[in-house]
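In the numbering used here, the protein residues as written are 229 to 689.
By construction, the Cβ of each residue, glycine as well, lies at the ideal position given by its N, Cα and C atoms.
Have a look at the structure below, then the notes.
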């Protein structure tokens, strides 16, 4: 996975560098552009015609359209013309509200070609960078061309997610550790708003390049590949990341025949907590075989006599829960087309109906990552197909738990939305006891524990 992230990160960096090299060349060559120099001198004298304005706008679109705006600035810092005529038009960069910008400070300090990196620029009300090109004639400085670079092209390059799966992203961070692109996981723009002070950023700023599993700016474990690079004297960090949960899920899919057996073996022999039930039957709504039901906060669902059947519980803590009692004629048991044809109308698809309802009425696709799912059975006959069907919805192994007890004769299951919990009352020949979902590891955590030496995920971790 690190190799893939490094390859994507390098490709994005190359595209960024190529883009900036191209527009820098265009900006620097403006001094040799006789048409632009003539426009500069004409507009500096004032009293221009509508035709001259039109000719400049047309020339800008044809030759300088990669820039958001071009400011024509005299030697005193006065913006005597601009393409867009925004709030900086007819203002003095050094004495107006623009005087506190990085652009003004750099221009005061240095009278040469400059690249001024991205900051919030009040005139356009967004992030902007600038190429500043002094213009002189016979040793007299006439002023500057200032080329305003938009952030949208940079953002487009970075947020194109080919090869990054369900959770991967590439983003750019400046020396102040502020993000220069939009996060995949946040609705509002994060450009110059989100501070990213992760181990990856700190290590990149200190050491230059590296890769490791870290907690990202969301507090999620990710595989991270990072590099600091220089552009026109400015240091940026480019980072490619993907959620550890997705890496583990995809690894399971490649070797599922091996790992589903080992997961079941692990759960069968794992010591389990044994509690007594505290629920009163009168408080609960009953779910029978061939049914599923919905619960809201403070409600409790129960289903009883789970032996050859399977129960699937789906929770979004604090919002809703579903409990389905699924018979052996369901698709999570069926291994082939012939079996399904043989069963005919007896065949059911409770998981398909359940997830379709959740996606239609409960949550948008982005929030599927917040669901918690439990598969409950005293057997493993439905485990493989149930997990496959759940993963096919873009859900990760870390969201799934399997409450499994092959020594039990059956189970009663409680979905308790007063505590956002699932409890299973197992009954054997010797005893009856309750197991809580909070005591059971998710499938992603189990897979990390049972991997063999030399396995890909373990080696990466």
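- Per DSSP, the unbroken alpha helix (DSSP H) holding residue 380 starts and ends at 380 to 387.
- The Cβ neighbour count for residue 634, taken over all protein chains shown within 10 Å, is under 16; the residue is labelled exposed.
- Judged by DSSP secondary structure, residue 562 falls outside any beta strand (DSSP E); it is assigned neither H nor E.
- Here residue 542 is near residue 599, since their CB atoms are less than 7 Å apart.
- Under the three-state reduction of DSSP output, residue 398 falls in the strand class.
- Distance from the CA of residue 672 to the CA of residue 679, rounded to the nearest whole angstrom, comes to 11 Å.
- Judged by their CB atoms, residue 432 and residue 237 are not nearer to each other than the 7 Å cut-off.
- The Cβ-Cβ distance between residue 325 and residue 305 does not fall below 7 Å.
- In terms of CA proximity to residue 260, 362 leads the group 362, 246, 307.
- The three-state reading of DSSP puts residue 515 in coil, since its state is none of H, G, I, E or B.
- Within the model, the alpha-carbon separation for residue 381 versus residue 233 is close to 21 Å.
- Looking at 295, 399, 666, 632, the one whose alpha-carbon comes closest to that of residue 536 is 632.
- With fewer than 16 other Cβ atoms from the protein chains shown falling within 10 Å of its own Cβ, residue 257 counts as exposed.
- Annotated three-state conformation of residue 407 is strand, per DSSP.
- Each of 272, 595, 439, 288 was checked against the Cα of residue 229, and the nearest Cα belongs to 439.
- By alpha-carbon distance to residue 346, the top candidate from 318, 377, 425 is 377.
- Exposure of residue 588 is indicated by the presence of fewer than 16 other C-beta atoms within 10 angstroms of its C-beta.
- 462 is the residue among 297, 462, 654 whose C-alpha sits nearest the C-alpha of residue 245.
- The C-beta distance from residue 617 to residue 560 rounds to 6 Å, short enough to meet the 8 Å contact threshold.
- DSSP places residue 393 in no beta strand (DSSP E); its state is neither H nor E.
- In this structure, residue 271 lies near residue 309, with their beta-carbon atoms less than 7 Å apart.
- Nearest to residue 436 by C-alpha distance, out of 374, 413, 595, 465, is 465.
- Remark: fewer than three beta-carbon pairs, one from each stretch, lie closer than 8 Å, so the segment 639 to 651 and the segment 578 to 588 are not flagged as touching.
- Taking C-alpha positions only, residue 384 is separated from residue 412 by approximately 12 Å.
- DSSP links residue 667 through a beta bridge to no other residue.
- About 5 Å separates the beta carbons of residue 603 and residue 614, which is inside the 8 Å limit, making them a contact pair.
- Counting only residues of its own chain and dropping the five nearest sequence neighbours on each side, residue 495 has a CB closer than 7 Å to the CB of 630, 632.
- Taken in chain order, the whole beta strand (DSSP E) runs of length 3 or more contained in the segment 296 to 326 are 297 to 302, 307 to 310.
- Residue 429 is positioned such that its CB atom lies no closer than 7 Å to that of residue 407.
- If one requires a minimum length of 4 residues, the alpha helix (DSSP H) runs lying completely within the segment 426 to 511 are 427 to 435, 472 to 482, 484 to 497, in chain order.
- Of the candidates 393, 417, 317, the residue whose Cα lies closest to the Cα of residue 374 is 317.
- For residue 302, the closest C-alpha among the options 489, 267, 449, 280 is that of 267.
- Non-local beta-carbon contacts of residue 443 in its own chain, meaning distances under 8 Å to residues more than five positions away in sequence, involve 426, 427, 449, 450 in chain order.
- Scanning its chain for C-beta atoms nearer than 8 Å, with the 5 sequence neighbours on each side dropped, one finds around residue 512 the residues 528, 529, 530, 642, in chain order.
- Per DSSP, the beta-bridge partners of residue 631 are 604.
- Apart from the 5 residues on each side of it in sequence, residue 538 sits with its Cβ closer than 6 Å to the Cβ of 554, 605, 610 in its chain, given in chain order.
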